[in-house]
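Below is one structure, written out as structure tokens; the observations come after it.
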Amino acid sequence: MAGPTRQLGWLRGWWTTGVCLASLAFPGLWAQKVLVNETVSGFIGTDVVLHCNLVKINHTRITQVTWQKASNGSKQNVAIYNPVMGLSILPPYEERVVFQSPSITDGTIKLSNLQLDDEGIYICEFATFPTGNRENQLNLTVLAKPVNRMEGTTRPLIARAGMTEKILVATCISSNGKPPSTVTWDTKLKGEAEFQEIRNENGTITVISRYRLLPSREAHQQQLKCVVNYQLERFTESMTLNVLYEPEVRIDGFDSNWYLNRKDVKLTCTSDANPPATEYQWKLLNGSLPDSAEIQNSTLFFKGPVTYSLSATYICEATNTIGTRSGQVEVNVTEFPYTPSPPVTSVAHPTIPTAVIGGVVGGASLVVVVAVVVLMVLRHRRHTFKGDYSTKKHVYGNGYSKAGIPQHHPPMAQNLQYPDDSDDEKKPGPLGSNNYEDEDDDGAGAERKHRSCPTKYEEDSKRPYFTVDEGEAHSESYNERTLGFQYDPEQLDIADNMVSQNDGSFISKKEWYV
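Residue numbers (mature numbering (1 follows the signal peptide of the UniProt record, and there is no 0)): -31 to -1, 1 to 483.
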């Protein structure tokens, strides 16, 4: 505390020295100086201190200290201190004003139990000799804390269909405040607020805010909070809305799985209403309730097993003091119960649309079918013939046979017999060799000699046919030697242009009909 004390002493010394120097340099300027607080404020009912001091210079005589209040251009005495006569407090301040430490230089007073009428300009005046009176003034402001409250409407809030007019729900009041309060609403409701300020005769202000909305089922049980801000204080008050509305009906119990002979089925009527529904009625959309139906409060029980007669549209009507509303459910009875398949857990794969899969499969199938058809047509054109030979061995004639023209090659051996072992062991009759001219013994011996040592060409020439594979394998080696077994592709169109002969050859239809 030594530091602050020395500092305060230094300031006092500086102030005294300054005043003295100023009084010496400018005589009469600092002869008297009245020091007061420029503004003072306090709430109604509290106490305030009005400071007033005179800076006295030597050779100045102070005779009296007086407090006055300016009112309508005049001054009204409040309190007087005279060193000789003593203290004097004038009405209406007798009981509420006292001097703190009365002296010829200190006129500080305390004003207790502030009232709104105390607000105004106060003047502190020192009577001095020989320089005359010296004074200064301050402004006293009286504050008034408002009285805050929230009031709900006494009119019942009823939600009705087609209602468009918003009604008063609550009122928030901040009365007799000075300065006026700020009133707001804190809520999730979709309403609107209106504000009003009333200036009272005593100088206070009352703020009123009214909140209006359209009553609805959604507004029921919603919070509505009034917020009042005054100076640094905050006041809040809230209420819960009670909105009355007709029942909203729902029918539970039908699980879309009422099948024949099922037992213990029922329908329950559930309603959301304020106040709660007190009456329930059951009926059918067309017709009357089944004989097996039994009503117990809001539940419709069906005795015995389920039959097709229970299929109908059931209606439940719920009633409260606001009105009556209904709900319905359509019941269908099936022959067998519905048992959904258990969910299959599988690894997630990219989903391919069914249309894409179908298109791909269909396209692939079409390509396969077309390929098979083309292959069959080509094979048919190449290998199909008309005759008595096996379909595995295709016999081609030399192409010189014609109707009415003698044949220049030997007739084919009839009723050729083939072993069952394999195609390679089949032994056809002679064809395309000179053996057919020698049918005597010598010819037989020559034939045996020929058979004992046949060449490859002679062996092949004895075969009246080629297999498909053999024909393709030997097509290059035989060249012109196999001319009797080869045809131009245009001549192989057997089905359209060729006619088969008894010897296994083919001629065109044009030659046949000549």
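Idealized CB from N, CA, C, for every residue including glycine.
Residue i, enclosing beta strand (DSSP E) - first and last residue
i	result
residue 85	Premise fails: residue 85 is in no beta strand (DSSP E) and is neither H nor E.
residue 208	202 to 209
residue 218	212 to 221
residue 9	8 to 12
residue 241	234 to 243
residue 183	From DSSP, residue 183 is part of no beta strand (DSSP E); its letter is neither H nor E.
residue 44	43 to 51
residue 134	Counting along the chain, residue 134 falls outside any beta strand (DSSP E), and DSSP gives it neither H nor E.
residue 29	Taken as a continuous stretch (DSSP letters only), residue 29 belongs to no beta strand (DSSP E), as it is neither H nor E.
residue 249	248 to 253
residue 90	89 to 98
residue 56	55 to 58
residue 68	66 to 68
C-beta atoms of residue i and residue j nearer than 7 Å
i	j	result
residue 113	residue 78	no
residue 13	residue 83	yes
residue 124	residue 142	no
residue 242	residue 169	no
residue 306	residue 228	yes
residue 66	residue 73	no
residue 296	residue 218	yes
residue 128	residue 212	yes
residue 120	residue 140	yes
residue 44	residue 33	no
residue 105	residue 3	yes
residue 277	residue 300	no
residue 23	residue 95	yes
residue 115	residue 89	no
residue 17	residue 93	no
residue 231	residue 214	no
residue 279	residue 259	yes
residue 62	residue 56	no
Bridge partners - residue i, DSSP secondary structure assignment
i	result
residue 144	116
residue 18	79
residue 258	In the DSSP output, where bridge partners are listed per residue, residue 258 has none listed.
residue 156	193
residue 167	175
residue 282	299
residue 339	Beta-bridge pairing links residue 339 to no other residue.
residue 104	94
residue 272	In the DSSP output, where bridge partners are listed per residue, residue 272 has none listed.
Distance between beta carbons of residue j and residue i, contact taken as under 8 Å
i	j	result
residue 30	residue 110	Not confirmed; about 35 Å, so no contact.
residue 246	residue 287	4 Å
residue 156	residue 192	6 Å
residue 272	residue 261	5 Å
residue 239	residue 221	6 Å
residue 294	residue 184	Not a contact, Cβ separation roughly 16 Å.
residue 236	residue 298	7 Å
residue 80	residue 172	At roughly 17 Å, the Cβ-Cβ gap does not stay under 8 Å, so residue 80 and residue 172 are not in contact.
Can you confirm whether the stretch 196 to 214 touches the stretch 142 to 160 when touching is taken to mean that 3 or more C-beta pairs between the two stretches lie within less than 8 Å?
yes
Three CB pairs or more closer than 8 Å across the stretch 171 to 180 and the stretch 154 to 163
yes
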